[in-house]
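Add 4 to a position in the sequence shown, counting from 1, and you land on the number used in the numbering used here.
Reviewing the structure listed below.
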Amino acid sequence: MRISRSAPRRILSAGIAVAALGAGTLVLAGAAHADSQPVTFQLKDIVILPGESDRALSPDGIYGRADGTWVYAVSSNPLTDAGASLRLPDGVSVKVGVPGPSSSCAAATGTAGVYTCDVVPESSPFSSPVIGASDAAHDGTVAYYGAVFVPRGGNVADAVTRVKTVGSSPANGPTSEQAAEVTVETSDHVARNTVRLTTPDLPAGKSVTQQVTVHAVDPGKLQLHFNSAAGQPSWPTFPTPVGVKVTDSTAAPAGSCHHVTSDLNSPTTIVWCNLPAGDSTISYTLAAQPEMASWKVDVRAEYQVLTWGGGNPVANSTFALQGTAPEPSASPTPSPTASPTQTPTDPATTPAPDATTSQPSTPTPPGSPAPATSAPVVPHPNNTGDTLASTGTDDLAPAVGGGLALIAGGALALVALHRRRASHR
């Protein structure tokens, strides 16, 4: 599997993801040698609507083997003063101890606005308080939050004090303490971000540049998905190619873009860009093989401002693959716009993942390479950054096979080691 070289190095391949899912204690056993390495993590800026509740503050990715205590702080002011009293913004609430990601969390004794969550390697490391905004929360309300991880046996009381100043140390990639923001934005505010597509047709054997124009009131992530258009036959099942790939992607005057190198029918985001506020033009080039079937293709562009749920700005456009052969005959596919927007799973209502999926222990921040370590690197199960959501490439089947082979190889290695030790007894 290949991803454009411009993609973040910390993106995990589907093969590694499968290996992590299937290896179970094999992965964790390998990580046991990295116990002395500090756990590092990345928090993400969160945007929610008024009326949203129970959204997890857990890290976007965790690097290392989480065994200890998370210490979180939430405040209406930046976390820069150890002596400040923490209070929540009007209309914002924080809960702990309820079923879901906050079940192992509690309010810190004697320190308002600070919360602790105990985690062990056998459970999800993504324990955290959950945050929500009432219907009355004003547009632009900001809550500042931060976290410190304390290894088992560490000084939690010291971290309760230290977490109140994590906003003074800007993060550059994964760190052992970090701060981020939660912003409340109304639907009307989000709708001020606009997306427009320009998608000329693509003849066989040629290349064409298509564009997305984004007017961004807020920084966000643009994602492009391609599907067989309404009334057209369904695309062949990946990895059978359709004969068209993206060869480059850029954002101007600012921003960064990445793309997969597999065909357009790859079951993943094909192009994704991190964009600042302002006006941006995203250009990407499609290249067609000399021989391909004619097809009409739907492009769906979503500018992700909100962290969860629907309501993000979306644009659709249709263009034609002008092939050397007529389109295959098959049952027509339904309109891609008829399906609901695919959105991240609500972490507050999703059962906690088991330890094998939870130890980047990645979108992303995204974009930073994982540290070289034998400890597992695990994305949040609901991560929509540059991690698992964007790993589709040339062939998923070999990746899955590679992941299973890695699991089997690890098991065989353990068996061989056991036999070798037995022979010396």
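Here a beta-carbon is modelled for each residue, glycine too, at the ideal position from N, C-alpha and C.
These numbers were taken from a predicted model, which means no experiment stands behind them.
Three-state class that DSSP yields for residue i in the structure shown
i: His142; result: coil
i: Thr251; result: strand
i: Ser172; result: helix
i: Gly72; result: strand
i: Val164; result: helix
i: Phe242; result: coil
i: Thr322; result: strand
i: Arg156; result: coil
i: Gly150; result: strand
i: Gly136; result: strand
i: Val264; result: strand
i: Pro105; result: coil
i: Val100; result: coil
i: Pro237; result: strand
i: Thr179; result: strand
i: Thr187; result: strand
i: Ser79; result: strand
i: Ala256; result: strand
i: Ala86; result: coil
Minimum C-alpha distance to residue i - residue among the options
i: Val167; options: His262, Gly117, Glu126 and Ala70; result: Gly117
i: Ser57; options: Val98, Gly72 and Pro42; result: Val98
i: His263; options: Ala256, Trp276 and Tyr119; result: Trp276
i: Ala234; options: Asp302, Ala112 and Asp283; result: Asp302
i: Ser128; options: Ser107, Ala220, Leu310 and Ile286; result: Ser107
i: Ala195; options: Glu185, Thr44 and Tyr307; result: Tyr307
i: Ser79; options: Asn316, Phe242 and Ser89; result: Ser89
i: Thr84; options: Leu279, Ala324, Pro280 and Ala183; result: Ala183
i: Val51; options: Ala137, Gln41, Phe130 and Leu92; result: Ala137
i: His142; options: Gly247, Ala110 and Pro54; result: Pro54
i: Ser232; options: Tyr67, Val100 and Ala324; result: Ala324
i: Ser173; options: Val152, Pro280, Gly158 and Gly114; result: Val152
i: Val146; options: Thr169, Cys261, Asp49 and Thr272; result: Asp49
i: Ile66; options: Ser131, Val212 and Ser284; result: Ser131
i: Ala281; options: Glu181, His219 and Ser298; result: His219
i: Thr251; options: Leu201, Cys261, Thr285 and Leu61; result: Cys261
Residue interval of the beta strand (DSSP E) (run including residue i)
i: Arg200; result: Thr198 to Thr202
i: Arg304; result: Trp299 to Gln308
i: Asn278; result: Val275 to Leu279
i: Gly65; result: Gly65 to Tyr67
i: Gln46; result: Thr44 to Gln46
i: Ala110; result: Cys109 to Ala111
i: Ser287; result: Gly282 to Ala292
i: Val118; result: Val118 to Val123
Where residue i falls, given that 16 or more other Cβ within 10 Å makes a residue buried
i: Gly150; result: buried
i: Asn269; result: buried
i: Arg69; result: buried
i: Ala401; result: Residue placement at Ala401 cannot be trusted, given a pLDDT of 33 that sits under 50; what the coordinates show is reported in the next sentence. The residue is exposed, with fewer than 16 neighbouring Cβ atoms inside 10 Å.
i: Glu189; result: buried
i: Val102; result: exposed
i: Lys210; result: exposed
i: Gly224; result: buried
i: Thr241; result: exposed
i: Pro125; result: buried
i: Glu295; result: exposed
i: Ser191; result: exposed
i: Arg2; result: For the chain, the structure presents residues 5 to 429; residue 2 sits outside this window and is missing.
i: Pro204; result: exposed
i: Thr113; result: exposed
Residue i, enclosing alpha helix (DSSP H) - first and last residue
i: Asp94; result: Element bounds for Asp94: n/a, residue is neither H nor E.
3 or more residues per run - each beta strand (DSSP E) lying fully within the segment 189-235: Whole beta strand (DSSP E) segments, 3+ residues: 198-202, 211-220 and 224-232.
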